[in-house]
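Only one structure is covered here, and it is reproduced in the block below.
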Amino acid sequence: MSKSRVSLLTLSAATVCGVVGLIVTLILNVFVLDKFDAYGEVKIPGNTQLELPAGEVTVSFHSWVSGDNGLPIPELGLSIFPPAGVADPQVRESIGGSTTMNGDAHRRVWIVQIPAAGTYDVQVDGEVNGFVRPSLAFGHGSSYWYLTWLFAGLLAVSTLGWIAYVLARTRLARPSPPAPSQAATSYEPSDGGVRIEQLKSLAALRDSGALSEAEFEAEKRRVLGGD
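Per the UniProt record's numbering, residue 1 is the first one in the sequence shown, and the count goes up by one each step.
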């Protein structure tokens, strides 16, 4: 198998793996591995107690929508009260994109840094008129997003490989320019060369009997008279 064919098969395999892997991991991370409500939900308005683990917790607005127009975020208020002796959680706004499946929609609003695992009192309020069963969901995102970036990188590298392959093929297919033609150079014999040729002609005439020896000597002196 030629080196060019091996390169072509390698690029094709890398491209297919990159595209398929990117699509599959995106679907899994968004719709399967995203546990946005893993720790429970709080109705809006409302309050409850939730068991939250130490570390990062996502807080998402959860409601039902019609169509695929996305989920708008209303004015919301969130208060989290820690157990006795535990520092207050750190709340950071982090608006994410809407995820909708069969009318069930959620959208990340905050990321909360929980200092220690325990039972936290959560109070929620907001202007949610017009929303169907609105709530705030506490959970976590997928931990496998690095696979999506890995396949995206593979796809980017294979794309660069295709560009290099096409450029190389184009360069090989381009006809080479014709070699410049060399102009014919005329040869002009020197004076000595002309005299030698004349003497050869005279000798041939003498040998054939066309010139006598005396005539040959006279012509020879004439030719060599310039010396």
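C-beta atoms are modelled at their ideal positions from N, C-alpha and C, and glycine is treated no differently.
- DSSP lists Gln49, Phe81 as the bridge partner or partners of Asp121.
- The alpha-carbon of Thr99 is positioned some 11 Å away from that of Trp64.
- Contact annotation: the region 25–43 touches the region 130–140, with at least three C-beta pairs closer than 8 Å.
- Classified as buried, Leu52 has 16 or more neighbouring CB atoms from the shown chains inside 10 Å of its CB.
- Here Phe151 is actually not in contact with Pro74; their C-beta atoms are around 36 Å apart, not less than 8 Å.
- Between Gln49 and Thr119, the C-beta spacing is below 8 Å.
- Around the beta-carbon of Ile80, 16 or more other beta-carbon atoms lie within 10 Å, marking it buried.
- The C-alpha of Asn69 is placed about 21 Å away from the C-alpha of Trp110.
- Non-local C-beta neighbours of Arg195 in its own chain, meaning closer than 6 Å and more than five positions away in sequence, comprise Val223, ordered along the chain.
- Around the C-beta of Phe61, 16 or more other C-beta atoms lie within 10 Å, and the residue is accordingly described as buried.
- Between Thr25 and Tyr144, the gap from beta carbon to beta carbon is short of 8 Å.
- Within the same chain, and ignoring the five residues on either side of Pro72 in sequence, no residue has its Cβ closer than 7 Å to its Cβ.
- The beta carbons of Gly77 and Gly126 sit about 6 Å from each other, so the pair counts as a contact at 8 Å.
- DSSP, read as helix, strand or coil, puts Val65 in coil.
- Taken atom to atom, the span from the alpha-carbon of Glu217 to that of Ala204 is near 13 Å.
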